[in-house]
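Chemist: Just passing along the structure, written as structure tokens.
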Amino acid sequence: DDGAGNRIGMAPAAQWIGCRNMEEGWGTPASYIECYQWFVAPTDLNNANPDPSKAPQVINNSWGCLVEEGCTEPDILLAVVQNVHAAGILTVHSAGNSGPSCETIAEPAAIYAESLTVGSTDSRDQIAPSSSRGPVTIDGSGRLKPDVVAPGMNIRSSLPGGGYGNRSGTSMAAPHVSGLAALLISYWTELAGQVDVLEELITHSALPLTSLESCGGTAGQVPNNVYGWGRMDAWAA
């Protein structure tokens with residue numbers, strides 16, 4: 017709250033760390049894996065003294081690994097994401113902005129079961145046209161995605177340089193879910209490290225939303241390949 021009408025963020029008192037996994041928007045499997053590894057046991061500025069006690073409880077991921085970046089196999093990041101999950105860290109991932117066609121959640125790591133994948137909705141709980149849809153077919157799994165949706169259209173946020181502005185996309189939606197995880201852990205500290213429980217709380221407390229879109233044959237069902245389990249609901253969770 018800057019005292020001038022800008023109130024942003026889901027969990028303002030949460031502590032935050034970050035890892036730069038791209039060079040001006042361009043990453044590689046190695047750079048993505050390096051950051052996942054660093055989050056499990058963050059090091060000091062000399063890349064020494066890894067300390068798992070400093071690991072975050074939730075990671076927000078707003079990126080996708082393209083074939084052009086070296087992600088030529090769908091499962092290229094699967095093992096490291098599974099390891100992060102096993103380490104007790106919730107990985108929240110933007111679904112991507114390749115909608116409105118079906119089967120557009122197609123890049124690591126949003127495609128994995130171990131990633132909590134988030135689509136984008138507007139203020140009327142309608143899916144954003146650009147929000148990527150499931151099912152995941154790139155790996156032959158037919159996996160239902162996204163897992164949940166969150167507000168992602170015209171979201172007030174901080175901007176580089178100290179200003180504020182409105183932005184849209186699944187990159188604005190996923191942080192709502194990451195923030196919800198932080199709120200849940202702060203309310204009930206025993207949830208820290210309980211990734212499966214956190215995921216179930218977030219998905220099963222969501223406001224159920226159905227779609228007429230036939231992606232993966234889930235029209236009219238909950239969950240479905242447009243909204244997942246529905247729009248996240250912090251109070252219900």
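So the sequence shown is numbered by our numbering: it starts at 17 and just counts up by one. The beta-carbon is built from N, C-alpha and C at its ideal position, and this holds for glycine as well. The structure presented is a predicted model; accordingly, all values stated were derived computationally and were not measured.
When DSSP labels each residue in this structure, what does W54 get in the three-state scheme?
Modeler: helix
Chemist: With respect to the alpha helix (DSSP H) encompassing Y203, which residues constitute its N-terminal and C-terminal limits?
Modeler: Judged by DSSP secondary structure, Y203 falls within the alpha helix (DSSP H) whose first and last residues are 186-203.
Chemist: Could you give the first and the last residue of the continuous alpha helix (DSSP H) run that contains A95?
Modeler: That run of the alpha helix (DSSP H) goes 94-102.
Chemist: Measure the CB-CB distance between H220 and M26 and report whether it falls below 8 angstroms.
Modeler: no
Chemist: Tell me, please, whether the stretch 179-195 touches the stretch 128-143 by the rule of three or more beta-carbon pairs shorter than 8 angstroms.
Modeler: yes
Chemist: For L106 versus A197, is the C-beta distance shorter than 8 angstroms?
Modeler: yes
Chemist: Which residues share a DSSP beta bridge with V121?
Modeler: Before going further, note that residue 121 is Ile rather than Val in the sequence given. Answer by DSSP bridge pairing: none, since I121 is not bridged.
Chemist: By how many angstroms is the C-alpha of Y128 removed from the C-alpha of T120?
Modeler: 14 angstroms
Chemist: Using only CA atoms, which one of S174, G156, A122, S117 lies nearest to G21?
Modeler: S174
Chemist: Of the choices G244, A125, N170, I75, whose alpha-carbon is the least far from that of L225?
Modeler: G244
Chemist: In three-state DSSP terms, what is T133?
Modeler: strand
Chemist: Mark Q237 as exposed unless 16 or more other C-beta atoms lie within 10 angstroms of its C-beta, in which case mark it buried.
Modeler: exposed
Chemist: Going by beta-carbon coordinates alone, are R149 and V242 separated by less than 8 angstroms?
Modeler: yes
Chemist: May I have the straight-line CA-CA distance separating L228 from T234, to the nearest angstrom?
Modeler: 9 angstroms
Chemist: Under 8 angstroms: do the stretch 96-111 and the stretch 59-74 share three or more Cβ pairs, one atom per stretch?
Modeler: Taking 8 angstroms as the limit for Cβ pairs, the verdict is that the stretch 59-74 does touch the stretch 96-111.
Chemist: Please return the same chain residues whose Cβ sits closer than 8 angstroms to the Cβ of N182, not counting the five positions on each side in sequence.
Modeler: N170, I171, R172, S173
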